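A.B. asks:
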Amino acid sequence: MVTKTRNLQDQIFSRDLPRIAEFFQIRFVLLKGRENMICSRRLEEAALEDTLLSREPYFRALKYLKHFNEKHQTGDIEEALRFLRRYGNDGRRALEDVRATDDTCTPDHRYQCRHYQTIAAARRADVIVANHHLALLWPDYYPEVSRIVIDEAHSFEDAATDVLGLSFSPFFVTKRLRRLWNPRRRRLSLLGRVPDGMFRNDEGVAEILDAVESVRRAVDEWRAQAESFAGAFGGGRVWIREEILSSQNYDALREESLSLADRLGTLTRLLRRTAREWRTLPRLEDIAERMGRTADGFEALETEIEALFKTDPSEETVFWYESGSRSPTFHRSPLHPGRLLRDNFYPRFKSVLFTSATLQTGGNFDYLLKRLGLAGEEPYLSEGEAAPFPRVALAVSEPVAVGHPFRYEEAALIGIYSDNEGARDPVNLAERIDRLATIRKGRLLALFTNKERMLETAEILDELSGGRYRVLSQYRDGGRHFLARKLRHDPGIVLLGSRSFWEGIDIPGEALEIVVLEKIPFRAPGDPLYDARCEALGDRWFREYALPEALLTLRQGFGRLIRTERDRGAVALLDPGKRSYLAAIRASLPPCRTIIGSEEEILEAMRLFFHGV
Numbered sequence: 000m001v002t003k004t005r006n007l008q009d010q011i012f013s014r015d016l017p018r019i020a021e022f023f024q025i026r027f028v029l030l031k032g033r034e035n036m037i038c039s040r041r042l043e044e045a046a047l048e049d050t051l052l053s054r055e056p057y058f059r060a061l062k063y064l065k066h067f068n069e070k071h072q073t074g075d076i077e078e079a080l081r082f083l084r085r086y087g088n089d090g091r092r093a094l095e096d097v098r099a100t101d102d103t104c105t106p107d108h109r110y111q112c113r114h115y116q117t118i119a120a121a122r123r124a125d126v127i128v129a130n131h132h133l134a135l136l137w138p139d140y141y142p143e144v145s146r147i148v149i150d151e152a153h154s155f156e157d158a159a160t161d162v163l164g165l166s167f168s169p170f171f172v173t174k175r176l177r178r179l180w181n182p183r184r185r186r187l188s189l190l191g192r193v194p195d196g197m198f199r200n201d202e203g204v205a206e207i208l209d210a211v212e213s214v215r216r217a218v219d220e221w222r223a224q225a226e227s228f229a230g231a232f233g234g235g236r237v238w239i240r241e242e243i244l245s246s247q248n249y250d251a252l253r254e255e256s257l258s259l260a261d262r263l264g265t266l267t268r269l270l271r272r273t274a275r276e277w278r279t280l281p282r283l284e285d286i287a288e289r290m291g292r293t294a295d296g297f298e299a300l301e302t303e304i305e306a307l308f309k310t311d312p313s314e315e316t317v318f319w320y321e322s323g324s325r326s327p328t329f330h331r332s333p334l335h336p337g338r339l340l341r342d343n344f345y346p347r348f349k350s351v352l353f354t355s356a357t358l359q360t361g362g363n364f365d366y367l368l369k370r371l372g373l374a375g376e377e378p379y380l381s382e383g384e385a386a387p388f389p390r391v392a393l394a395v396s397e398p399v400a401v402g403h404p405f406r407y408e409e410a411a412l413i414g415i416y417s418d419n420e421g422a423r424d425p426v427n428l429a430e431r432i433d434r435l436a437t438i439r440k441g442r443l444l445a446l447f448t449n450k451e452r453m454l455e456t457a458e459i460l461d462e463l464s465g466g467r468y469r470v471l472s473q474y475r476d477g478g479r480h481f482l483a484r485k486l487r488h489d490p491g492i493v494l495l496g497s498r499s500f501w502e503g504i505d506i507p508g509e510a511l512e513i514v515v516l517e518k519i520p521f522r523a524p525g526d527p528l529y530d531a532r533c534e535a536l537g538d539r540w541f542r543e544y545a546l547p548e549a550l551l552t553l554r555q556g557f558g559r560l561i562r563t564e565r566d567r568g569a570v571a572l573l574d575p576g577k578r579s580y581l582a583a584i585r586a587s588l589p590p591c592r593t594i595i596g597s598e599e600e601i602l603e604a605m606r607l608f609f610h611g612v
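The end of the sequence shown is residue 612 by numbering that gives the first Met the number 0, with every number in the run present.
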């Protein structure tokens with residue numbers, strides 16, 4: 000069973016499956032990626048650093064992690080995160096220093112490795128709970144799976160886009176280099192484990208150190224060139240199209256990229272050669288094994304860089320970059336991952352079952368069937384046009400709407416504002432949210448599609464609240480989970496959130512009684528994947544992609560309100576857009592009491608609703 004978020008994984012594993020196990024004899028295990036586990040070996044190595052620094056917060060964080068690792072059977076880092084926040088950056092650094100990595104998992108250490116213990120338990124289990132990304136990756140040493148249930152299936156295309164594409168950031172290289180050799184923190188690096196005499200005198204070590212420095216210089220040169228490239232074509236997320244590919248800036252970036260790949264290849268060969276020589280030497284077998292795994296990691300990076308930059312992108316992919324605080328990250332993403340899923344992923348299983356509360360748009364399943372590669376036709380071919388590639392035969396059953404346990408007609412009211420003039424003005428938004436918040440003295444979640452507009456609205460709302468409720472805003476006042484927890488435990492809050500709040504937030508009960516949807520959540524132009532997929536669909540882009548995707552997100556936003564059979568509340572859609580959208584909006588939302596009218600009419604209807612009228 001796979002789902003999108005850790006919260007849903009934990010819910011299935013800790014609440015749903017135990018209930019099923021009361022009636023059926025099943026064994027189940029929660030499986031997360033290796034990086035979510037504490038590595039006992041890395042923890043021991045980190046604790047051996049210079050004891051003169053033992054009073055630093057970093058070492059207090061390590062001490063906590065050591066205690067946590069001994070006490071908790073799973074070694075799952077997620078359970079330790081809340082306590083590590085007290086140590087700030089030192090806690091984050093300690094956590095990175097003890098995460099399990101592919102180059103520390105050696106055969107002689109697996110008997111005490113929590114990751115491999117979980118894999119062993121998964122082989123004996125009847126049900127494995129994982130997430131979308133892990134299901135798509137599924138390494139060869141994982142248990143064989145014959146049937147898969149994909150929960151939150153409306154998000155599966157996004158996960159496939161991430162996993163089935165390519166990406167590169169110099170951070171990937173520098174992180175591996177630090178694990179191989181870090182002169183400031185020798186004991187935490189692989190070469191720092193080499194005996195001093197051999198470290199000083201071995202010719203192979205000297206060559207590796209030279210190659211490490213060569214790669215570091217290449218990373219710096221690549222980063223400078225990438226920043227110059229991004230400076231020429233803009234920040235944010237940028238689609239690298241033909242005019243950019245033919246520019247001198249891109250030629251220079253390609254040259255630096257291939258130079259970096261070449262130096263990574265040299266380092267890989269030196270590591271492999273030294274690993275072969277050391278495997279037969281006493282006390283060096285473990286280092287040799289880890290060195291071989293490190294070489295595999297650098298070779299994978301070399302391959303990724305060459306795949307990204309050696310040839311121009313095909314028509315089936317979107318080449319783009321996003322600027323970040325470190326340096327640009329480059330991606331090649333599949334234009335239509337549904338085709339790759341149909342040809343390479345689904346055939347691995349006897350059966351694939353998709354589930355979600357939001358599989359339909361406009362009352363049918365057509366949109367997601369096409370996006371996931373399950374429809375009879377390809378979404379990017381013109382009507383009647385034959386696919387220029389062989390299709391994998393799949394038996395696709397008719398989708399079924401199985402209903403829900405909620406009595407939406409009694410539990411929910413939807414107010415759709417018909418007076419939309421100035422609807423996106425932050426002052427107007429703040430005033431409307433304030434009048435809605437007054438009805439229940441808070442207990443309100445406002446969902447925005449634009450970060451800047453949300454933050455500006457929050458500032459105005461602070462002044463309007465007059466102490467009647469407390470205003471919290473994403474980015475300004477904290478992260479997603481922290482703010483959701485605040486709203487869950489304090490009913491006098493008005494919480495403003497952007498894209499990540501439209502789904503995966505679970506606030507049952509009276510803590511949340513009003514959800515405000517700023518507008519239909521159309522994705523803004525300028526996102527490379529969105530723009531490329533719209534362009535590929537030609538004049539069908541709006542009805543076949545933009546509108547259905549927005550309606551799915553809209554339904555997700557509505558879903559923040561009714562979480563249990565006892566919940567009751569109202570949703571306000573402040574800007575429904577064109578009148579022609581109304582039929583599609585109503586068909587995409589659950590059957591509720593709906594009022595389409597002026598603000599005064601909607602506020603009065605909500606007051607009556609909350610008074611049981």
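Beta carbons: idealized from backbone N, C-alpha and C, even for Gly. From a predicted model like this one, the values you see are computed outputs, not experimental measurements.
So what does Leu-553 bridge to, in DSSP terms?
C.D. replies: Beta bridge pairing from DSSP links Leu-553 with no other residue.
A.B. asks: So, helix, strand or coil for Pro-404, using DSSP?
C.D. replies: Annotated three-state conformation of Pro-404 is coil, per DSSP.
A.B. asks: What residue does the beta strand (DSSP E) around Val-515 start on, and which one ends it?
C.D. replies: Counting along the chain, the beta strand (DSSP E) containing Val-515 begins and ends at 513-516.
A.B. asks: Does the pairing of the stretch 333-344 with the stretch 213-221 give three or more beta-carbon distances under 8 Å?
C.D. replies: no
A.B. asks: On the criterion of 16 or more Cβ atoms from any shown chain inside 10 Å, does Tyr-320 qualify as buried, or is it exposed?
C.D. replies: Burial call: buried.
A.B. asks: Quick one: what does DSSP say His-335 is sitting in, helix, strand or coil?
C.D. replies: coil
A.B. asks: So, Thr-273 versus Gly-203, is the Cβ gap smaller than 8 Å?
C.D. replies: yes
A.B. asks: Distance check for Gly-362 and Ser-417, CA to CA, integer angstroms please.
C.D. replies: 23 Å
A.B. asks: Would you mind working out which of Tyr-407, Glu-543, Phe-447, Gly-477 sits nearest Ile-561, comparing C-alpha positions?
C.D. replies: Minimum Cα distance to Ile-561 is reached at Tyr-407.
A.B. asks: According to DSSP, is Gln-10 part of a helix, a strand, or is it coil?
C.D. replies: helix
A.B. asks: Could you have a look at Trp-277 and say whether DSSP puts it in helix, strand or coil?
C.D. replies: helix
A.B. asks: Among Gly-230, Arg-177, Gly-576, whose alpha-carbon lies nearest the alpha-carbon of Gly-421?
C.D. replies: Gly-576
A.B. asks: Would you kindly report the start and end of the unbroken alpha helix (DSSP H) that includes Asn-130?
C.D. replies: Element bounds for Asn-130: not the alpha helix (DSSP H) but the beta strand (DSSP E), 126-130.
A.B. asks: Going by alpha carbons, who is nearest to Ser-579 out of Arg-542, Asn-343, Ala-531?
C.D. replies: Arg-542
A.B. asks: By Cβ distance, which residues of its chain are closer than 6 Å to Arg-567, with the 5 residues on each side in sequence left out?
C.D. replies: These residues qualify, in order along the chain: Ala-410.
A.B. asks: Whole angstroms is fine: what's the gap from Leu-602's alpha carbon to Ala-158's?
C.D. replies: 40 Å
A.B. asks: Near Leu-190, which residues of its chain fall below 8 Å by C-beta distance, leaving aside the five closest residues on each side in sequence?
C.D. replies: Leu-179, Trp-180, Phe-198, Val-204, Ile-207, Leu-208
A.B. asks: Return yes when the Cβ of Pro-527 is within less than 8 Å of the Cβ of Val-162, no when it is not.
C.D. replies: no
A.B. asks: State the DSSP-derived secondary structure class of Ser-350, mapped to helix, strand or coil.
C.D. replies: strand
A.B. asks: Please identify the residue among Gly-87, Asn-130, Arg-59 whose C-alpha is closest to the C-alpha of Asn-35.
C.D. replies: Asn-130
A.B. asks: Does the count of Cβ pairs from the stretch 485-494 and the stretch 550-564 closer than 8 Å reach three?
C.D. replies: No, because fewer than three Cβ pairs between the stretch 485-494 and the stretch 550-564 fall closer than 8 Å, the two stretches do not touch.
A.B. asks: Sort out for me which residues DSSP pairs Phe-329 with in a bridge.
C.D. replies: Phe-167, Tyr-320
A.B. asks: Which residues mark the beginning and the end of the beta strand (DSSP E) in which Arg-593 is found?
C.D. replies: Checking the sequence, you will find Thr at residue 593 rather than Arg. First-last of the beta strand (DSSP E) with Thr-593: 592-596.
A.B. asks: If you drop the 5 nearest sequence neighbours on each side, which residues of the same chain put their C-beta closer than 8 Å to that of Ala-404?
C.D. replies: The amino acid at residue 404 is misidentified as Ala; the sequence shows Pro. Here the set comprises Glu-564.
A.B. asks: Going by CA-CA distance only, name the one from Thr-293, Ser-168, Asp-424, Glu-69 that's closest to Leu-307.
C.D. replies: Leu-307 has its Cα closest to that of Ser-168, out of Thr-293, Ser-168, Asp-424, Glu-69.
A.B. asks: Short of 6 Å in beta carbon distance, which residues of its chain neighbour Gly-234, apart from the five on each side in sequence? Order them along the chain.
C.D. replies: Excluding positions up to five away in sequence, the list reads Ser-322.
A.B. asks: Just the Cα atoms here: how many angstroms apart are Leu-581 and Ile-504?
C.D. replies: 26 Å
A.B. asks: Would you check if the distance between the CB atom of Gly-556 and the CB atom of Leu-446 is smaller than 8 Å?
C.D. replies: yes
A.B. asks: Assign Ala-99 to one of three DSSP states: helix, strand, or coil.
C.D. replies: coil
A.B. asks: In this structure, does DSSP put Gly-558 in helix, strand or coil?
C.D. replies: It is coil, neither helix nor strand.
A.B. asks: For Leu-482 and Thr-100, I'd like the C-alpha separation in whole angstroms.
C.D. replies: 31 Å
A.B. asks: Roughly how many angstroms separate the alpha carbons of Phe-222 and Ala-229, rounded to a whole number?
C.D. replies: In the sequence as presented, Phe is not what sits at residue 222; that position holds Arg. The straight-line gap from Cα to Cα measures roughly 10 Å.
A.B. asks: Three or more C-beta pairs closer than 8 Å, one from the stretch 442-456 and one from the stretch 494-513: is that the case here?
C.D. replies: yes
A.B. asks: With a threshold of 7 Å on Cβ separation, who are the neighbours of Ser-255 within its own chain once the five nearest residues in sequence on each side are excluded?
C.D. replies: Note that residue 255 is Glu in the sequence shown here, rather than Ser. Result list for Glu-255: Glu-220, Trp-221, Gln-224, in chain order.
A.B. asks: Leaving aside the five residues before and after Pro-398 along the sequence, list all residues of the same chain whose C-beta is less than 6 Å from its C-beta, in chain order.
C.D. replies: Phe-364, listed in sequence order.
A.B. asks: Using the rule of at least 16 other Cβ atoms within 10 Å of the residue's Cβ for burial, across every protein chain shown, is Glu-78 buried or exposed?
C.D. replies: exposed
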